Amino acid sequence: MRDFLLGLAFVIGGGVVIAVAQTYPTMPTLQFGPSLFPSLIGGGMVIGGLVLALTRVGQLRIAFAGPRAQTPRYDYRGLLISLLPCALIVFYILASEWLGAPLCMAVSMLILMLLRGARPWLSLIVSLVVATAIYLLFSRYLLIPLPEGTLLSQILP
Amino acid sequence: MDSFLQGLAMVFNVQTMLVIVAAAIFGLFVGAIPGLTATMAVALLVPITFYMDATPAIAAIVATSAMAIFAGDIPGTYLNIPGTPASAAYVGESYRLAQKGRARETLGTNLVCSVIGGLFGTLVLVFVSPSLAEMALNFSSFEYFWLALLGLSSSIFIAIGSRVKAFLSLTVGLLLSTVGLDMMSGAPRFTFGVPDLMAGINFIPVMIGMFALNEIMMFYGSRAEARSVPVMAKDSVFAGAPKHVKTYWRNVLRGSSLGTLIGALPGAGADIAAWIAYALGKSRSKEKEKYGNGHIEGIVDASSANNSGISGAWVPALVFGIPGDTITAIVIGVLYMKGMNPGPTIFMNGGGQVYALFTVFFVANLIMLPIGYLAIRASKVFILTPRKLLMPVILSFCIVGAFAINNSITDIWIMLIIGMVAFVLARNDFPMAPAILGLVLGGTLENSFMSSMLKSNGDLLAFFERPISAALGALVILIWLLPSLIRLVRRLRSSPPSSHKPRSS
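Chains as they are written, first to last, in the working numbering: chain A, 73 to 229; chain B, 18 to 522.
Okay, structure coming up:
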């Protein structure tokens with residue numbers, strides 16, 4: 073089922089790539105413009121996606137025809153939890169300018185550690201120490217301009 | 018001779034030696050943690066290498082990758098969980114040996130075979146690369162086009178699992194390689210008005226997203242239970258190794274040469290080398306019945322192969338600028354960054370730098386012996402590092418690592434989006450290696466094709482006019498047709514003679 077849907081997604085994605093590629097300007101002196109490779113790649117996505125989807129049609133039919141109990145339940149809770157690190161990255165991107173990189177990293181690490189059942193005091197210590205160490209290593213030693221954050225800019229060294 | 022001495026001086030100094038030791042320990046730590054791959058270790062190391070000279074930067078990568086591949090055997094032996102995919106082939110054998118109280122003996126043999134394999138691959142790298150480079154100097158855009166296509170085709174046909182999925186994974190990588198300004202016309206492609214995308218997509222955030230963020234998401238998505246560590250037996254690390262290497266010296270030699278060869282094939286890395294060496298070792302063994310119950314012979318073959326594969330992958334990376342595996346895909350980026358442009362001219366213009374690189378390989382492999390020994394002795398510490406504390410730390414490194422490439426938030430977004438796409442694809446058994454190769458080789462493929470077409474005024478036959486180009490083209494076509502040919506031969510062999518008779522009804 074998922075392979076069928078992914079196949080369809082590739083077909084749609086390939087179609088979009090081809091459509092966007094057609095909008096690229098062509099140079100009069102060149103026989104092949106900048107649209108050639110994206111169009112070929114889009115074509116490949118459409119063909120590959122079609123093959124994937126069509127080869128799974130039989131399985132799809134069996135899945136729909138068979139008793140409902142046989143179809144395995146999808147772990148939606150697991151999927152949602154697996155998206156939490158991504159949500160925390162978005163939190164970092166949006167909040168680091170204000171809260172600062174060390175605090176954002178510490179909060180993210182603390183949440184993730186507590187989620188998997190780490191001891192709260194240990195999680196707190198590890199997240200604070202590691203966030204400070206990463207910040208100092210990258211911003212002070214490697215001179216990466218990690219955001220200090222307007223909130224804590226007066227406190228940090 | 019001056020270049021050689023200069024190369025030695027670049028390696029045998031306090032800074033580089035300290036970097037090698039630190040990188041080996043880092044590789045050991047990452048490799049010993051299940052789920053964290055050697056590629057991920059190298060990807061995490063790249064932001065640090067920005068601030069190093071070329072030799073220590075390369076030394077750090079070589080030492081990390083070699084050590085991580087060996088270290089993957091440690092959790093494999095104790096927990097039946099391979100630390101890296103390269104250890105997966107023989108994890109059953111090593112775990113069963115550990116259950117018999119031979120964990121340290123197994124790991125000691127692993128270590129010695131890994132070092133031998135790594136040194137064998139290095140010798141091939143030293144002696145084969147310069148002569149290959151001389152030949153490669155005659156290559157034009159036609160040959161490079163076929164070479165790039167050969168690498169991409171190999172990545173599909175060597176991939177484990179569905180070829181359609183491998184092909185689709187490749188298209189994702191190729192599509193990413195087209196982002197940015199077109200080389201010939203200067204037209205922006207898929208930039209969506211974002212200025213940071215004009216220069217194209219940097220492959221380090223992609224790499225971090227595909228391998229690190231994807232793994233982190235997998236970890237939180239699964240409900241992995243706490244693992245129990247078996248009681249460690251008081252066996253010796255090196256007591257059995259010389260005997261096993263002496264008994265199975267043919268296996269060591271075969272595994273090492275096979276690993277180097279497979280590693281040198283674009284798209285195939287240490288993990289595929291280990292699987293093939295294990296399978297070949299089993300098929301040629303006189304004691305086939307012992308396989309699966311804890312047999313040291315299978316370990317000897319495969320552990321030599323995976324480490325020699327690491328060195329072998331550097332041959333096409335250095336000579337042609339075409340990565341042999343995902344690690345060398347990252348390495349190529351680092352080489353460019355350090356002004357050591359990979360390609361045949363590296364052997365002519367590189368001077369002492371090339372000798373330094375070769376020396377680094379020898380040192381990094383030899384240093385595995387003492388560090389590996391200590392790691393085996395203290396292996397419980399590595400295994401007991403809780404992943405629930407480690408994964409959040411890695412996430413922070415991912416964010417900062419992606420940002421550090423260009424000091425740009427856009428790279429964090431790229432890492433995030435690619436990580437999510439990779440997560441969906443990996444959960445549905447799409448291999449990741451073709452996508453990485455597509456991203457790395459996409460530019461070479463397109464640029465060499467466009468240059469060739471301009472040279473030949475659009476005549477496609479020009480791709481077969483030069484002898485080497487024609488041979489490479491024929492090889493690519495053969496690879497494409499090979500599965501169909503094999504299927505046809507199998508069908509002809511298996512079909513009974515009666516099936517050729519006309520049916521009565």
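A virtual CB, placed ideally from N, CA and C, is assigned to each residue, including glycine.
Keep in mind it's a predicted model, so treat the numbers as computed, not measured.
Take the alpha-carbon of Ser-111 of chain B and the one of Thr-188 of chain B: they are about 37 Å apart. Residues are counted here when their Cβ sits less than 8 Å from a Cβ of chain B; for the stretch 123-136 of chain A these are Val-123, Leu-124, Thr-127, given in chain order. Against chain B, a Cβ distance below 8 Å from Gly-120 of chain A picks out Val-181, Phe-184, Leu-185, Thr-188.
Its chain contains Pro-359 as the residues whose beta carbon lies nearer than 6 Å to that of Leu-352 of chain B, once the 5 sequence neighbours on both sides are disregarded; these appear in chain order.
Listed along chain B, the residues sitting closer than 8 Å to Ile-113 of chain A by beta-carbon distance are Thr-188, Leu-191, Leu-192, Thr-195. Of all alpha-carbon atoms in B:Gly-341, B:Gly-350, B:Ala-392, B:Met-234, the one lying nearest the alpha-carbon of Ala-49 of chain B is that of B:Ala-392.
In the structure shown, Arg-149 of chain A adopts helical secondary structure according to DSSP, grouped into three states. About 6 Å separates the CB atoms of Ile-293 of chain B and Leu-275 of chain B; that is less than 8 Å, so the two are in contact. Rounded to whole angstroms, the gap between the alpha carbons of Ala-115 of chain B and Ser-396 of chain B is 13 Å.
Residue state for Gly-197 of chain B is assigned as strand, using DSSP reduced to three classes.
Taking a C-beta distance under 9 Å as the contact criterion, Val-410 of chain B and Val-198 of chain A qualify as a contact pair. If you check the CB distance, Ala-190 of chain A and Cys-176 of chain A do not come in under 9 Å. Looking only at B:Asn-445, B:Gly-436, B:Arg-507, B:Ser-82, the smallest Cα-Cα distance to Gly-190 of chain B is reached by B:Gly-436.
Per DSSP, the unbroken alpha helix (DSSP H) holding Tyr-295 of chain B starts and ends at 287-301. In the displayed model, Arg-206 of chain B falls within a strand according to three-state DSSP.
Within chain A, the residues placing a beta-carbon under 7 Å from that of Asp-199 of chain B are Pro-106, ordered along the chain. Look at Pro-448 of chain B here: in three-state DSSP terms it is coil, with no helix or strand label. A distance below 7 Å between beta-carbons, with the five flanking residues on each side excluded, links Gly-120 of chain A to the following residues of its chain, in chain order: Phe-82. In the three-state reduction of the DSSP assignment, Phe-210 of chain A falls in the helix class, which pools H, G and I. Within chain A, Tyr-96, Pro-97, Pro-106 have C-beta atoms less than 7 Å from the C-beta of Ala-204 of chain B, given in sequence order. Between the C-alpha atoms of Ser-302 of chain B and Asn-231 of chain B there is a straight-line separation of about 38 Å.
Interface flag for Met-354 of chain B against chain A is unset, since no Cβ pair is found closer than 9 Å.
Looking at the backbone, the Cα of Trp-266 of chain B and that of Val-441 of chain B are separated by about 43 Å. Residues Glu-110, Lys-299, Ser-302, Glu-314, Gly-315 of the same chain have their beta carbon placed closer than 8 Å to that of Tyr-308 of chain B, with the five preceding and five following residues left out of the count.
For chain B, the residues of the stretch 141-173 of chain A that bring a beta carbon within less than 8 Å of one of its beta carbons are Asp-147, Gly-150, Leu-151, Ile-153, Ser-154, Leu-155, Leu-156, Pro-157, Cys-158, Leu-160, Ile-161, Val-162, Tyr-164, Ile-165, Ala-173, in chain order. In its chain, beyond the 5 residues on either side, Pro-205, Arg-206 have a beta carbon closer than 8 Å to the beta carbon of Asp-199 of chain B.
The distance from the Cβ of Tyr-372 of chain B to that of Phe-21 of chain B is about 5 Å, consistent with a contact at the 8 Å cut-off.
When only Cα atoms are considered, Val-254 of chain B and Pro-387 of chain B end up about 11 Å apart. In chain order, Pro-403, Lys-405, Leu-406 make up the part of chain B whose C-beta sits under 8 Å from the C-beta of Ala-190 of chain A. Chain order gives no chain B residues near Ala-91 of chain A, where near means a beta carbon separation below 7 Å; the closest approach is about 12 Å. With fewer than 16 other CB atoms across the displayed protein chains lying within 10 angstroms of its CB, Asn-474 of chain B is exposed. With its beta carbon less than 9 Å from one in chain A, Ile-429 of chain B belongs to the interface. For Met-235 of chain B, the enclosing alpha helix (DSSP H) starts and ends at 231-238. At a cut-off of 9 Å between beta carbons, Tyr-237 of chain B contacts chain A. By the beta-carbon neighbour count (other beta carbons within 10 angstroms, threshold 16), Ile-91 of chain B is buried. Secondary structure of Val-129 of chain A (DSSP, three-state): helix.
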